[in-house]
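One gets our numbering by counting positions in the sequence shown from 1 and adding 84 to each.
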Amino acid sequence: MSVEIAALLAADGPMTSGVLATALAANLSITPAAARKRIERRALPVRAVKLVLHRGAQFLYLESQYGSPKFWDRLAEALMEGNGAYARAIRALTARGGIIPTSHFAAAAGTSSGQRQIPGDEVVKRLVDAELLQIVEMPGLGPCVAFARGEPYLDDRFPEVRARLIAERVLLQSIQEWAAKLGFGSFHSFKLRASETDSAPAVGQFIWDLSAPSFLGPLANWSDPGKPKPGFLVVDVLLTEVVGVADISPFLYKCTSLRQLRSVGRCMQFFVANRYSQEALNQIRRAGIVPATPEALFGTEVAKALLTLLQTLSEAADKAIDPLLFSELFERLGKAEGAVGTLRGALFEYVVADVVRQTEPPADITMNRIYREGGKDVAEVDVLLILKNRYARFIECKGILPGNLLSDEEVEKWLNKRIPVVLAQTRKDNVLSKLEHWFELWVTGELTAEAKGMIAAAQARAALRGYSIRVFYAADIDHQVSLVGDPSLRKVVYQHFLHAPMAFPDADINPLSKRSIPQSPFDFADVSTEAAVTSPAKTRPALPTR
Numbered sequence: 085m086s087v088e089i090a091a092l093l094a095a096d097g098p099m100t101s102g103v104l105a106t107a108l109a110a111n112l113s114i115t116p117a118a119a120r121k122r123i124e125r126r127a128l129p130v131r132a133v134k135l136v137l138h139r140g141a142q143f144l145y146l147e148s149q150y151g152s153p154k155f156w157d158r159l160a161e162a163l164m165e166g167n168g169a170y171a172r173a174i175r176a177l178t179a180r181g182g183i184i185p186t187s188h189f190a191a192a193a194g195t196s197s198g199q200r201q202i203p204g205d206e207v208v209k210r211l212v213d214a215e216l217l218q219i220v221e222m223p224g225l226g227p228c229v230a231f232a233r234g235e236p237y238l239d240d241r242f243p244e245v246r247a248r249l250i251a252e253r254v255l256l257q258s259i260q261e262w263a264a265k266l267g268f269g270s271f272h273s274f275k276l277r278a279s280e281t282d283s284a285p286a287v288g289q290f291i292w293d294l295s296a297p298s299f300l301g302p303l304a305n306w307s308d309p310g311k312p313k314p315g316f317l318v319v320d321v322l323l324t325e326v327v328g329v330a331d332i333s334p335f336l337y338k339c340t341s342l343r344q345l346r347s348v349g350r351c352m353q354f355f356v357a358n359r360y361s362q363e364a365l366n367q368i369r370r371a372g373i374v375p376a377t378p379e380a381l382f383g384t385e386v387a388k389a390l391l392t393l394l395q396t397l398s399e400a401a402d403k404a405i406d407p408l409l410f411s412e413l414f415e416r417l418g419k420a421e422g423a424v425g426t427l428r429g430a431l432f433e434y435v436v437a438d439v440v441r442q443t444e445p446p447a448d449i450t451m452n453r454i455y456r457e458g459g460k461d462v463a464e465v466d467v468l469l470i471l472k473n474r475y476a477r478f479i480e481c482k483g484i485l486p487g488n489l490l491s492d493e494e495v496e497k498w499l500n501k502r503i504p505v506v507l508a509q510t511r512k513d514n515v516l517s518k519l520e521h522w523f524e525l526w527v528t529g530e531l532t533a534e535a536k537g538m539i540a541a542a543q544a545r546a547a548l549r550g551y552s553i554r555v556f557y558a559a560d561i562d563h564q565v566s567l568v569g570d571p572s573l574r575k576v577v578y579q580h581f582l583h584a585p586m587a588f589p590d591a592d593i594n595p596l597s598k599r600s601i602p603q604s605p606f607d608f609a610d611v612s613t614e615a616a617v618t619s620p621a622k623t624r625p626a627l628p629t630r
């Protein structure tokens with residue numbers, strides 16, 4: 085009986101049980117009731133998602149179809165008929181490479197904490213129970229919501245996702261500076277995309293990537309001049325190649341739903357992306373939302389610098405860095421308060437990889453190598469150098485503001501979580517287990533006395549167990565860079581990683597956190613918005629199947 089069902093699914097793709105019953109009844113000239121009975125008695129390779137759809141329907145597919153683009157598109161369409169929260173979750177994940185930090189999920193998927201709404205945590209739980217999603221630990225990101233395709237596939241996608249998240253953070257910090265200068269809100273009133281410990285940028289029942297209360301005339305309620313009620317600025321960003329209609333659907337849902345809440349003031353709503361498909365651009369404009377691009381907000385040079393940053397963060401470790409390129413990235417992207425710190429932390433490991441590549445004999449160098457133990461504990465090695473038949477260097481890179489202290493918590497995690505996980509995995513490898521193992525911390529700042537004590541104790545234990553632990557401070561890093569023999573590289577490293585203040589004079593940085601931004605309305609003589617760059621949405625590559 086499953087032969088006819090499998091043939092229909094193979095020809096037309098995954099579908100709901102109701103649609104399948106109608107097609108089966110027509111093909112076999114049987115009643116709908118008889119068709120439903122045949123579907124109930126189905127057997128492999130026909131499978132059903134463990135999630136009840138609208139009116140008790142099931143979503144059926146062949147084992148070979150699981151994880152394909154058509155599988156996710158059809159499932160999203162089926163879920164949208166009953167409860168859009170599930171569909172928005174799937175579309176948000178699809179748009180973001182299949183991995184979203186749990187602290188970002190509510191904003192990306194457009195989940196709500198309102199009455200008769202399914203909270204984000206519950207949406208995730210139900211989709212995990214249905215074996216569609218999983219919670220996985222990703223280094224540097226913490227717990228993440230991801231498609232249930234297994235950890236190896238997610239680890240392969242991780243560099244691209246991490247690069248995008250770093251670029252988006254730089255963009256959000258730049259938007260914060262831009263909006264504060266225009267008086268949308270005071271600098272300290274802005275909230276940016278949440279981490280695990282930060283308070284979320286919430287307005288109404290929804291979470292956003294950036295929010296700020298605003299007393300600008302068109303946004304605030306001035307019915308009581310003595311105590312005006314603020315409106316809000318809300319922004320979401322997505323720096324993929326092209327943003328399509330499905331990608332913006334969670335954001336559009338948030339915006340239209342927010343306008344129905346009488347208790348929330350007026351909102352100026354922005355979506356920022358590199359490019360939009362024509363239909364996505366039309367939908368955003370029809371909804372009264374600003375379809376911004378980095379180029380429209382900050383100019384061509386900054387937009388190109390963001391693309392260069394994305395490319396740089398995705399490149400392999402065996403490519404030499406361009407000192408001029410690094411200087412341009414800091415100059416164009418680092419003027420927003422906070423952005424320079426994000427850049428320093430993200431780019432420092434590329435400097436370290438290039439330095440060891442040029443100062444060591446020919447060796448295999450890998451960046452951002454991920455290790456897992458028991459499927460749960462996870463550790464990442466920023467730079468891994470393997471010199472055949474001799475030693476392996478596992479380098480932890482901490483590019484922080486010179487003079488600042490690296491937290492004791494970070495040192496403790498490196499010593500007691502990352503090193504044990506990496507060491508255990510390495511000693512199981514027939515080749516690597518025969519090498520010397522050097523664990524190194526390269527830090528541009530300082531360590532506390534407590535951290536130095538922890539490291540000294542760990543070094544003593546390591547000596548007894550056949551591996552070593554080393555720390556490279558700013559002076560040591562400068563010496564290693566000098567061995568490369570490239571004056572331009574040494575200048576860039578000193579200027580942007582080892583010396584404080586950074587390359588920019590105070591007049592350029594002019595930190596907003598030290599200024600008072602007036603909250604009264606402004607007169608704008610002539611304000612025009614550049615049209616967003618449009619491009620047809622490209623088809624995503626097929627996703628791997630189980």
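In this text, a Cβ means the ideal position worked out from N, Cα and C, and glycines have one as well.
Three-state class that DSSP yields for residue i in the structure shown
| i | result |
| --- | --- |
| Leu-427 | helix |
| Gly-198 | coil |
| Lys-134 | coil |
| Glu-415 | helix |
| Arg-370 | helix |
| Leu-583 | A small fix is needed here, since residue 583 is His in this sequence, not Leu. In the structure shown, His-583 sits in coil (DSSP, three-state: anything other than H, G, I, E or B). |
| Pro-129 | coil |
| Ala-232 | coil |
| Tyr-170 | helix |
| Thr-392 | helix |
| Leu-104 | helix |
| Asp-293 | coil |
| Leu-92 | helix |
| Ile-184 | strand |
| Phe-355 | strand |
Check whether residue i and residue j have beta carbons under 7 Å apart
| i | j | result |
| --- | --- | --- |
| Ala-642 | Ile-332 | Residue 642 cannot be examined here, being either before or after the span of the chain that is shown, 85 to 630. |
| Ile-637 | Trp-156 | No statement about residue 637 is possible, as the shown extent of the chain runs from 85 to 630 and does not include it. |
| Leu-469 | Arg-477 | yes |
| Ile-479 | Asp-466 | yes |
| Ala-169 | Val-207 | yes |
| Trp-522 | Ser-552 | yes |
| Leu-516 | Tyr-475 | no |
| Ser-273 | Ala-247 | no |
| Leu-417 | Ala-389 | yes |
| Leu-108 | Ala-117 | no |
Residue from the options with nearest C-alpha to residue i
| i | options | result |
| --- | --- | --- |
| Ile-291 | Val-506, Ala-192, Leu-393 | Ala-192 |
| Leu-128 | Leu-322, Asp-157, Pro-243, Ser-86 | Ser-86 |
| Arg-139 | Val-467, Gln-543, Leu-211, Met-164 | Met-164 |
| Ala-404 | Gln-442, Ile-373, Gln-367, Gly-429 | Gln-442 |
| Thr-186 | Glu-215, Phe-231, Gly-198 | Phe-231 |
| Phe-410 | Gly-422, Ala-423, Leu-393 | Leu-393 |
| Arg-241 | Ala-190, Leu-177, Ala-278 | Leu-177 |
| Val-424 | His-188, Ile-250, Asp-320 | Ile-250 |
| Val-462 | His-188, Asn-514, Leu-507 | Leu-507 |
| Met-538 | Ile-561, Val-495, His-580, Arg-554 | Val-495 |
| Ile-397 | Pro-407, Leu-431, Thr-510 | For the sequence presented, residue 397 should be read as Leu rather than Ile. The candidate whose alpha carbon is nearest that of Leu-397 is Leu-431. |
| Ala-380 | Leu-255, Glu-444, Leu-137 | Leu-255 |
C-alpha distance - residue i paired with residue j, whole-angstrom precision
| i | j | result |
| --- | --- | --- |
| Gly-204 | Asp-96 | 32 Å |
| Ile-89 | Phe-382 | 55 Å |
| Lys-598 | Asn-500 | In this prediction, Lys-598 scores a pLDDT of 42, lower than 50, which makes its location untrustworthy; the coordinate-derived value is nonetheless stated afterwards. Going from the Cα of Lys-598 to the Cα of Asn-500 covers about 39 Å. |
| Glu-457 | Tyr-578 | 38 Å |
| Val-505 | Lys-536 | 21 Å |
| Ile-503 | Ala-541 | 14 Å |
| Gly-151 | Pro-223 | 24 Å |
| Leu-92 | Leu-211 | 26 Å |
| Ser-196 | Trp-498 | 37 Å |
| Gln-142 | Glu-124 | 10 Å |
| Ala-160 | Lys-154 | 10 Å |
| Leu-238 | Gly-226 | 14 Å |
| Ile-114 | Ala-162 | 25 Å |
| Asp-607 | Ser-270 | Only weak support is given to the placement of Asp-607: the predicted model assigns it a pLDDT of 34, under 50, and the question is left unresolved by the model. |
| Ala-533 | Ser-148 | 57 Å |
| Ala-544 | Asp-562 | 27 Å |
Own chain residues within Cβ distance below 8 Å of residue i, not counting five before or after
| i | result |
| --- | --- |
| Leu-303 | Pro-314, Gly-315, Phe-316, Leu-317, Gly-349, Arg-350, Cys-351, Met-352 |
| Pro-312 | Phe-299, Ala-304, Asn-305, Trp-306 |
Residues of its chain near residue i, where Cβ-Cβ distance is below 6 Å and the 5 sequence neighbours each way are ignored
| i | result |
| --- | --- |
| Ala-420 | Gln-257, Ser-258, Glu-261 |
| Gly-194 | Arg-172, Pro-334, Tyr-337, Lys-338 |
| Tyr-434 | Ile-405 |
Sequence-distant residues of its chain with Cβ nearer than 7 Å to residue i (five each side left out)
| i | result |
| --- | --- |
| Met-451 | Ala-401, Glu-433, Ala-437, Asp-466, Val-467 |
| Glu-385 | Arg-416 |
| Ala-94 | Leu-146 |
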